[in-house]
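Taken in order, these protein sequences are the chains called A and B. Residue numbers for the first sequence follow the UniProt record's numbering, so the first one is 1 and each next one is one higher. Residue numbers for the second sequence follow the UniProt record's numbering, so the first one is 1 and each next one is one higher. Just so it is clear, CB atoms sit at the ideal spot from N, CA and C, and this is done for glycine as well. Small disclaimer: the values here were computed from a predicted structure and weren't measured.
Protein chains: 2
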Amino acid sequence: MPANILLVEDEPAIQELIAFNLVQAGHHVLRASTAEVALTLVKNALPDLVLLDWMLPGASGVEIARKLRADERTRQIPIIMLTARSEEQDKVQGLEAGADDYITKPFSPRELLARIKAVLRRRAPQMTDDAVEVKGLRLDPVTHRVQGNGETVDLGPTEFRLLHFFMTHAERVHSRTQLLDQVWGDHVFVEERTVDVHIRRLRSALEPTGHDGLIQTVRGTGYRFSAQG
Amino acid sequence: MPANILLVEDEPAIQELIAFNLVQAGHHVLRASTAEVALTLVKNALPDLVLLDWMLPGASGVEIARKLRADERTRQIPIIMLTARSEEQDKVQGLEAGADDYITKPFSPRELLARIKAVLRRRAPQMTDDAVEVKGLRLDPVTHRVQGNGETVDLGPTEFRLLHFFMTHAERVHSRTQLLDQVWGDHVFVEERTVDVHIRRLRSALEPTGHDGLIQTVRGTGYRFSAQG
DNA sequence: AAAAGCGGTTACAGAAATGTGACACTTCAC
DNA sequence: GTGAAGTGTCACATTTCTGTAACCGCTTTT
């Protein structure tokens, strides 16, 4: 099973090497060289796994791990630490900061892939995605249900993902391109107008509960999910 | 949170050292020096975690791990491997045999405890032997019986485990992969569509009592057992 | 006012996911 | 052995979802 992996590594050569192996194994790779970029990327792309270098310019890996664990949405994302030497102190700190595993450089591609597989496998049963609620509209990823004012809304897969993305990224305008990247996946080739159609489907599905107005059109830009008028 | 830990280690000095640290941290420790004793103890005591030495007289650690993963009752118990050197081959094999983590000797007590904590934290909730009842459908693991509205339903082993899992994890959506991991065991290689077939068999078995329908299809995601519509 | 741009809406065919029945194979009790 | 029961796969049927195109009305430009 391919996964979206965020690779945080400042050394270009190493970054390239690791990324190559990950892609080779069928994973989709995002890259970051600094802590700042890494944090932004995580929140926007919500990867399945973060490969985090221990030594970084600016904030250290542990610091990043702490911040990720502090945020509601990024809390469940597994982290694998890349440590330079077998310094036990580092390992322990990494684990306590919330890393799910660590691996000591240098490592073989096989080992790295095995670790990734193991971490992803044991994360699956947890699936502690938290429910979101806005203005009486409630979406629960765990039960895969959407309810508003007593009514239970029936959504198709794409509509569900779309609404989920909207609710977890409310009050912000998203272009059609951004929505395609985030909800459909940034590798697919789909017409932008398709987004409109799904917006329409989602709106009419939400109509019975009266929550359709939460999805607003921003002419010339895109769409926005907002609790405000 | 104190836990029951089975320590499998043939070197008396090391065994003593580790056990001391575990007890110090408030854990309850069982010990075994050979593979044979280890397997017996696991099945009788059902510990929360197994600390498994890589090198053992007789069967190797990997072998034990495989056997534990093959048994119904011990399948869920997390395993942490203790490897002597940082031999990458070992790590990979250990992970592939079903170990949840490994740690390289020598290690600090702090590190070991951090690992144990991490592994226990993500452990899947265990199944109980208590009878479950939802909407008049009653499943008793002890008598191995399922009854609904006076009717007694006859289920095959897999159907029974499947229903049991559903009833103890109601309202949540489970992907086919998760169901395979939880009901079949995460070591087996079975087609995902097989789940569909068993869902169908379970549904038609429950039909006489009118309790099919509790098993709902969530298109694009998996299945859900729910008392709600 | 005409033209161009933009989004809403609908219809529909192809794609994808799931339901269903059949079958070969294994296991186990007798 | 032999037959019953259980299991995993497959092929096919059925249902549902999805992407596009086409058309419409409204708004902004020219």
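### Burial state of histidine 169 of chain A, where buried means 16 or more other Cβ atoms lie within 10 Å
Working through the first sequence from its first residue, we reach residue 169 of chain A at position 169. The residue in question, histidine 169 of chain A, is buried, as its Cβ has 16 or more Cβ neighbours within 10 Å.
### Task
Taking glutamate 159 of chain B and arginine 176 of chain B to be in contact with their CB atoms under 8 Å, please state how far apart those CB atoms are, rounded to whole angstroms.
Working through the second sequence from its first residue, we reach residue 159 of chain B at position 159. Working through the second sequence from its first residue, we reach residue 176 of chain B at position 176. With a Cβ gap of about 16 Å, glutamate 159 of chain B and arginine 176 of chain B do not count as contacting.
### Query
Bridge partners of serine 175 of chain A, per DSSP?
Along the first sequence, read from residue 1 onward, the residue named residue 175 of chain A stands at position 175. The partner list for serine 175 of chain A (beta bridge, DSSP) reads A:Gly222.
### Buried or exposed by the 16-neighbour rule on C-beta atoms within 10 Å, applied to glycine 150 of chain A
For this step, residue 150 of chain A is matched to residue 150 along the first sequence. It counts as exposed.
### Query
Which residues share a DSSP beta bridge with methionine 81 of chain A?
The sequence position of residue 81 of chain A within the first sequence is 81, counting from 1. Answer by DSSP bridge pairing, in chain order: A:Leu52, A:Tyr102.
### Message
For aspartate 186 of chain A, count the other beta carbons within 10 Å of its own beta carbon; 16 or more makes it buried, fewer makes it exposed. Which is it?
### Response
Position 186 of the first sequence, counted from the first residue, corresponds to residue 186 of chain A. It is exposed - the Cβ of aspartate 186 of chain A has fewer than 16 other Cβ atoms within 10 Å.
### Message
Against chain A, does arginine 172 of chain B count as a neighbour if the rule is that its beta carbon must be under 7 Å from one of theirs?
### Response
Counted from its first residue, the second sequence places residue 172 of chain B at position 172. Output row for arginine 172 of chain B: interface = yes.
### Message
Using the three-state DSSP reduction, which class does glutamate 36 of chain B fall into: helix, strand or coil?
### Response
As a working note, residue 36 of chain B is residue 36 in the second sequence. Here glutamate 36 of chain B sits in helix by DSSP.
### Query
Counting only beta-carbon atoms, is threonine 34 of chain A nearer than 7 Å to chain B?
As a first step, residue 34 of chain A must be located in the first sequence, where it is residue number 34. No, its Cβ sits nowhere closer than 7 Å to a Cβ of chain B.
### Message
So for asparagine 44 of chain A, helix, strand or coil by DSSP?
### Response
The residue given as residue 44 of chain A occupies position 44 in the first sequence. If DSSP states are grouped into helix, strand and coil, asparagine 44 of chain A belongs with the helices.
#### Entry: Spatially closest choice to lysine 43 of chain A from A:Trp184, A:Leu30, A:Thr221, A:His211, by CA coordinates
Within the first sequence, the letter at position 43 stands for residue 43 of chain A. It is A:Leu30 whose Cα lies nearest to the Cα of lysine 43 of chain A.
### Task
Label alanine 227 of chain A either buried or exposed according to how many other C-beta atoms from any shown protein chain fall within 10 Å of its C-beta, with 16 as the threshold for buried.
The sequence position of residue 227 of chain A within the first sequence is 227, counting from 1. It counts as exposed.
### Message
Quick check: is the beta carbon of threonine 221 of chain B nearer than 7 Å to any beta carbon in chain A?
### Response
Taking the second sequence and counting its residues from 1, one reaches residue 221 of chain B at position 221. Yes, threonine 221 of chain B lies at the interface with chain A (some Cβ there is under 7 Å from its Cβ).
### Query
For histidine 27 of chain A, does the three-state DSSP call read helix, strand or coil?
By one-based count along the first sequence, residue 27 of chain A stands at place 27. Looking at histidine 27 of chain A - three-state DSSP - the assignment turns out to be coil, as it is neither helix nor strand.
### Query
Taking Cβ-Cβ distances shorter than 9 Å, what residues in chain A pair up with arginine 224 of chain B?
For this step, residue 224 of chain B is matched to residue 224 along the second sequence. Near arginine 224 of chain B (Cβ distances below 9 Å), the residues of chain A are Thr143, His144, Arg145.
### Message
Please report the distance separating the alpha-carbon of valine 197 of chain B from that of valine 153 of chain B.
### Response
For the purposes of this step, residue 197 of chain B is taken as residue 197 along the second sequence, with counting starting at 1. For the purposes of this step, residue 153 of chain B is taken as residue 153 along the second sequence, with counting starting at 1. Going from the Cα of valine 197 of chain B to the Cα of valine 153 of chain B covers about 18 Å.
### Query
Quick one: what does DSSP say leucine 6 of chain A is sitting in, helix, strand or coil?
As a first step, residue 6 of chain A is located in the first sequence; it is residue number 6 there, counting from the start. Strand, per DSSP.
### Message
Rounded to whole angstroms, what is the Cα-Cα separation between alanine 13 of chain A and phenylalanine 20 of chain A?
### Response
What you label residue 13 of chain A is simply residue 13 of the first sequence in a count that begins at 1. What you label residue 20 of chain A is simply residue 20 of the first sequence in a count that begins at 1. If I take the Cα positions, the gap works out to 11 Å.
### Query
According to DSSP, what are the bridge partners of threonine 217 of chain B?
The sequence position of residue 217 of chain B within the second sequence is 217, counting from 1. In DSSP, threonine 217 of chain B forms a bridge with B:Tyr223.
### Task
Find out if the Cβ-Cβ distance for the pair aspartate 129 of chain B, valine 142 of chain B is shorter than 7 Å.
Within the second sequence, residue 129 of chain B is the residue found at index 129, counting from 1. Within the second sequence, residue 142 of chain B is the residue found at index 142, counting from 1. Closer than 7 Å, so yes.
### Query
Is the CB-CB distance between alanine 65 of chain A and isoleucine 79 of chain A below 7 Å?
For the purposes of this step, residue 65 of chain A is identified with residue 65 of the first sequence, where counting begins at 1. For the purposes of this step, residue 79 of chain A is identified with residue 79 of the first sequence, where counting begins at 1. Yes.
### Task
Have a look at histidine 27 of chain A and alanine 3 of chain A and give me their C-alpha separation to the nearest angstrom.
For the purposes of this step, residue 27 of chain A is taken as residue 27 along the first sequence, with counting starting at 1. For the purposes of this step, residue 3 of chain A is taken as residue 3 along the first sequence, with counting starting at 1. Going from the Cα of histidine 27 of chain A to the Cα of alanine 3 of chain A covers about 5 Å.
### Chain-ordered residues of the segment 146–158 of chain A with a beta carbon less than 9 Å from chain B
Thr152, Gly156, Pro157, Thr158
### Query
By the criterion of Cβ-Cβ separation under 7 Å, what are the contact partners of valine 218 of chain B in chain A?
For the purposes of this step, residue 218 of chain B is identified with residue 218 of the second sequence, where counting begins at 1. What valine 218 of chain B touches in chain A: His144.
### Query
Using DSSP with H/G/I as helix, E/B as strand and the rest coil, what is threonine 152 of chain B?
Within the second sequence, the letter at position 152 stands for residue 152 of chain B. The answer is strand: DSSP assigns threonine 152 of chain B an E or B state.
### Task
For glutamine 182 of chain B, I'd like the list of residues in its chain whose CB is within less than 7 Å of its CB, leaving aside the five on either flank, ordered along the chain.
To locate residue 182 of chain B, count along the second sequence from 1; it is residue 182. Same-chain partners within the cutoff: Phe165.
### Query
In this structure, does DSSP put valine 132 of chain B in helix, strand or coil?
Locating residue 132 of chain B in the second sequence gives position 132, where the first residue counts as 1. Residue state, collapsed to three classes: strand.
### Task
Would you mind reading off the limits of the alpha helix (DSSP H) that contains leucine 180 of chain B?
Position 180 of the second sequence, counted from the first residue, corresponds to residue 180 of chain B. Leucine 180 of chain B -> no alpha helix (DSSP H), and no H or E assigned at all.
### Task
Can you tell me the Cβ-Cβ gap for leucine 39 of chain A and lysine 67 of chain A, rounded? I've got them flagged as a contact below 8 Å.
On the first sequence, residue 39 of chain A is found 39 positions in, with the first residue counted as 1. On the first sequence, residue 67 of chain A is found 67 positions in, with the first residue counted as 1. Confirmed, Cβ separation roughly 6 Å.
### Query
With distances taken between CB atoms, is the gap from alanine 25 of chain B to leucine 112 of chain B smaller than 7 Å?
Taking the second sequence and counting its residues from 1, the one referred to as residue 25 of chain B is at position 25. Taking the second sequence and counting its residues from 1, the one referred to as residue 112 of chain B is at position 112. No.
### Cutoff 7 Å; reference leucine 155 of chain B; Cβ partners in own chain excluding five residues on either side
Here residue 155 of chain B refers to the residue found at position 155 of the second sequence. The answer, listed in chain order, is Val146, Leu163, Ala205.
### Message
Run through the DSSP bridge pairs and tell me what leucine 139 of chain B is partnered with.
### Response
As a first step, residue 139 of chain B must be located in the second sequence, where it is residue number 139. Per DSSP, B:Val132, B:Val146.
### Query
Going by beta carbon distance, what residues of the same chain come within less than 7 Å of threonine 74 of chain B, once the five residues before and after it are set aside?
Along the second sequence, read from residue 1 onward, the residue named residue 74 of chain B stands at position 74. Val42, Lys43, Leu68, listed in sequence order.
### Task
Would you please state the rounded distance, in angstroms, between the beta carbons of isoleucine 215 of chain A and arginine 201 of chain A? I believe it to be under 8 Å.
Here residue 215 of chain A refers to the residue found at position 215 of the first sequence. Here residue 201 of chain A refers to the residue found at position 201 of the first sequence. In fact, because the Cβ distance is near 11 Å, the residues do not count as touching under 8 Å.
#### Entry: Proximal residues of chain A, C-beta to C-beta of glycine 229 of chain B below 9 Å
Residue 229 of chain B sits at position 229 when you count from the first residue of the second sequence. Ordered by position in chain A, the residues that pass the 9 Å Cβ test against glycine 229 of chain B are Thr152.
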